[in-house]
Amino acid sequence: MGGELKATFCLIKDGQAILSQHQGDLEHPAALDDYRKNLTLYGDPFAHAPAALAADRHPEYLSAKLARERAQSSHLPLVEVQHHHAHVAACLAENGRPLAAAPVLGVVLDGLGWGDDGTIWGGELLLADYRGCERLGSLAPVAMPGGAQAVREPWRNLYAHLARAVGWPEMRQLFGRLAICDRLAGKPLATIDRMIAGGVNAPAASSCGRLFDAVAAAIGLAFDRQAYEGEAAMRLEALAAAAPPSSRPYPFDVLPRAGRKSAVTPAPGDDAKLWIIDPAPMWGALLHDLAADVPPAIIAARFHTGLAAAVSDTAARLAQRRGADTAALSGGCFQNAVLFDETVRRLEAAGLAVLTHAAVPANDGGLALGQAAVAAARLLGG
Numbered sequence: 047m048g049g050e051l052k053a054t055f056c057l058i059k060d061g062q063a064i065l066s067q068h069q070g071d072l073e074h075p076a077a078l079d080d081y082r083k084n085l086t087l088y089g090d091p092f093a094h095a096p097a098a099l100a101a102d103r104h105p106e107y108l109s110a111k112l113a114r115e116r117a118q119s120s121h122l123p124l125v126e127v128q129h130h131h132a133h134v135a136a137c138l139a140e141n142g143r144p145l146a147a148a149p150v151l152g153v154v155l156d157g158l159g160w161g162d163d164g165t166i167w168g169g170e171l172l173l174a175d176y177r178g179c180e181r182l183g184s185l186a187p188v189a190m191p192g193g194a195q196a197v198r199e200p201w202r203n204l205y206a207h208l209a210r211a212v213g214w215p216e217m218r219q220l221f222g223r224l225a226i227c228d229r230l231a232g233k234p235l236a237t238i239d240r241m242i243a244g245g246v247n248a249p250a251a252s253s254c255g256r257l258f259d260a261v262a263a264a265i266g267l268a269f270d271r272q273a274y275e276g277e278a279a280m281r282l283e284a285l286a287a288a289a290p291p292s293s294r295p296y297p298f299d300v301l302p303r304a305g306r307k308s309a310v311t312p313a314p315g316d317d318a319k320l321w322i323i324d325p326a327p328m329w330g331a332l333l334h335d336l337a338a339d340v341p342p343a344i345i346a347a348r349f350h351t352g353l354a355a356a357v358s359d360t361a362a363r364l365a366q367r368r369g370a371d372t373a374a375l376s377g378g379c380f381q382n383a384v385l386f387d388e389t390v391r392r393l394e395a396a397g398l399a400v401l402t403h404a405a406v407p408a409n410d411g412g413l414a415l416g417q418a419a420v421a422a423a424r425l426l427g428g
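According to my numbering, the sequence shown is numbered sequentially starting from 47.
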């Protein structure tokens, strides 16, 4: 049944997957009505009568609510699939990965997805096959002050990252002359601080998309508001693509954190730690570049190469630890050609085969295929 944004649905019949056209954002009533209508229309020409339904685990996705209602009314089994597992499974299915093949190291970078622990995920390293997945690493979770409003207003993500990595008083003391300090000082920061401290409408998210928003805002791109989804990240990518080669990628920390929550039992000898890719050091280097009037294009390029290096190096280390020889890249952030190319180059240099998308969207438009593949694998048993 797909996701909620960039929604599609997928029918499986006789071993073939039929992915629908783009349905739009289901939060718009007209798009949801069209989605419902097309579900019925597709059933006729393909003579498809579902034996089971598959949906995202997000409790509020309209596609998932519809799936739960339909499963109950039609007495059909419902398979709920974690968002980022579906992304990896879509990549596996597109590339014809056999059901019996060994798990891959999935690298999923996107905006938002409901995590198995009830928090928001969006920068994930997973050991996955069709039937299951295990979360091995992620970007560090950072507050999204305002929730959905933080998706529209990049300055909110910038402030949350700076408050976590540097601290606002230290920021004013060390970098007070920067334009972003004056621009942020005009925002309701005391209210934002209370929201973050109290956990009120400020959910923590390991979101790669929100990190892109924060970095874009730091160099003045779509600072106050994005005119369209992904504006800040796309403008940041365009700057990076135009920059001369950067010899100094920004640094990221990679730290083990105990207490990984997983539905899968860790392999023997695994230390059961979740590896966290922390952008805090990156912010110090970026702020010093801003203070030194380094051109925005070079800052954008150093961020892209630094993120790609941190993600790919961590993925390669985890793959080696767990005996995986293949990586699968998915999620909307990999529509960014600069990030994609650098990540693939580094993973291949580390000796991993890399599976990517070509015919199926890397973004949420591909979720339905992944959900269908996971459901089919589980219904086949094993």
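Every residue gets a Cβ at the ideal spot worked out from N, C-alpha and C, and that includes glycine.
- request: Take L257 and list the residues in its own chain whose beta-carbon comes closer than 8 Å to its own, dropping the five residues that flank it on each side.
  value: Taking the sequence shown and counting its residues from 1, the one referred to as residue 257 is at position 211. Short of 8 Å from the beta carbon of L257, and not among the five residues preceding or following it, lie these beta carbons of its own chain, in chain order: G169, L185, V188, N203, H207, P325, L353.
Segment contact, 8 Å Cβ cut-off, at least three pairs: the stretch 155-174 with the stretch 244-255: Note that the stretch 155-174 touches the stretch 244-255; at least 3 beta-carbon pairs, one per stretch, sit closer than 8 Å.
- prompt: Can you name the start and end residues of the beta strand (DSSP E) that G61 belongs to?
  reply: Counting from 1 along the sequence shown, the entry for residue 61 is found at position 15. Following the DSSP letters along the chain, one finds G61 in no beta strand (DSSP E), marked with neither H nor E.
message: Just verifying my parser: in three-state terms, what is the DSSP assignment at Q417?
response: Position 371 of the sequence shown, counted from the start, is the residue given in the question as residue 417. For Q417, the secondary structure class from DSSP, reduced to helix, strand or coil, is helix.
task: Using only alpha-carbon positions, find the residue among A98, S109, H130 that is nearest to L122.
output: In the sequence shown, the residue the question calls residue 122 occupies position 76. Checking every option, the nearest Cα to that of L122 belongs to A98.
G255: first and last residue of the uninterrupted beta strand (DSSP E) it sits in: Numbered from its first residue, the sequence shown carries residue 255 at position 209. Per DSSP, G255 lies in no beta strand (DSSP E); the unbroken alpha helix (DSSP H) holding it starts and ends at 254-264.
message: Assuming the contact rule is C-beta atoms closer than 8 Å, G466 and A174 should be a hit. Round their C-beta distance to whole Å, please.
response: Outside the shown range of the chain (47 to 428) lies residue 466, about which nothing can therefore be said.
task: Buried or exposed for A399, please, with buried defined as at least 16 other CB atoms from any protein chain shown within 10 angstroms of its CB.
output: Taking the first residue of the sequence shown as position 1, residue 399 is located at position 353. Classification for A399: exposed.
query: Once you ignore the five residues that flank C227 on each side, which residues in its own chain have a CB closer than 8 Å to its CB?
result: The residue given as residue 227 occupies position 181 in the sequence shown. Same-chain partners within the cutoff: M217, R218, F221.
- prompt: Taking buried to mean at least 16 other C-beta atoms within 10 Å of its own C-beta, is L426 buried or exposed?
  reply: As a first step, residue 426 must be located in the sequence shown, where it is residue number 380. For L426, the number of other beta carbons within 10 angstroms of its own is below 16, and it is reported as exposed.
query: CA-CA distance, L171 and Y81?
result: For the purposes of this step, residue 171 is taken as the residue at position 125 of the sequence shown. For the purposes of this step, residue 81 is taken as the residue at position 35 of the sequence shown. Note on geometry: alpha-carbon atoms of L171 and Y81 lie some 31 Å from one another.
query: What residue does the alpha helix (DSSP H) around R363 start on, and which one ends it?
result: As a working note, residue 363 is residue 317 in the sequence shown. Counting along the chain, R363 sits inside the alpha helix (DSSP H) bounded by residues 342-368.
- prompt: What residue does the beta strand (DSSP E) around E170 start on, and which one ends it?
  reply: One-based indexing of the sequence shown puts residue 170 at position 124. Here the beta strand (DSSP E) through E170 covers 166-174.
message: Closer than 8 Å is the cut-off here; do at least three beta carbon pairs connect the stretch 385-396 with the stretch 327-342?
response: Contact between the stretch 385-396 and the stretch 327-342 is absent, because fewer than three Cβ pairs lie under 8 Å.
query: Helix or strand or just coil, what does DSSP make of S461?
result: Past the boundaries of the shown model lies residue 461; the chain is included only from 47 to 428, so the question cannot be answered.
- prompt: Mind checking K83: buried by the 16 CB within 10 Å criterion, or exposed?
  reply: Your numbering for residue 83 matches position 37 in the sequence shown. Under this definition K83 is an exposed residue.
message: So, under 8 Å CB-CB, L375 and C137 are touching, yes? Tell me the CB distance rounded to an integer number of Å.
response: Position 329 of the sequence shown holds residue 375. Position 91 of the sequence shown holds residue 137. That belief holds up - the Cβ atoms of L375 and C137 are roughly 7 Å apart, short of 8 Å.
Residues sharing a beta bridge with D324, DSSP: Within the sequence shown, numbered from 1, the residue matching residue 324 stands at position 278. Per DSSP, D299.
field: Cutoff 7 Å; reference L112; Cβ partners in own chain excluding five residues on either side
entry: The residue given as residue 112 occupies position 66 in the sequence shown. M47.
task: Mind checking who S376 pairs with in its DSSP beta bridge?
output: Stepping through the sequence shown from its first residue, residue 376 is reached at position 330. Bridge partners of S376: V154.
Range of the contiguous alpha helix (DSSP H) that encloses V197: Mapped onto the sequence shown, residue 197 falls at position 151. In the DSSP annotation of this structure, the continuous segment of the alpha helix (DSSP H) that includes V197 starts and ends at 194-198.
message: I'd like to confirm the pairing. Which residues does DSSP put opposite C179 in its beta bridges?
response: In the sequence shown, counting from the first residue as 1, residue 179 sits at position 133. A174, per the DSSP bridge assignment.
query: Is the distance from the Cβ of L85 to the Cβ of F55 below 8 Å?
result: Counting from one through the sequence shown, the residue named residue 85 turns up at place 39. Counting from one through the sequence shown, the residue named residue 55 turns up at place 9. Yes, these two residues count as a Cβ contact at 8 Å.
field: A53 - partner residues in DSSP beta bridges
entry: Counting from 1 along the sequence shown, the entry for residue 53 is found at position 7. Beta-bridge pairing by DSSP links A53 to G70.
Rounded distance between the beta-carbons of V150 and A373, thought under 8 Å: Residue mapping note: residue 373 aligns to position 327 of the sequence shown, counting from 1. Residue mapping note: residue 150 aligns to position 104 of the sequence shown, counting from 1. Your pair A373 and V150 checks out as a contact, with CB atoms roughly 6 Å apart and the cut at 8 Å.
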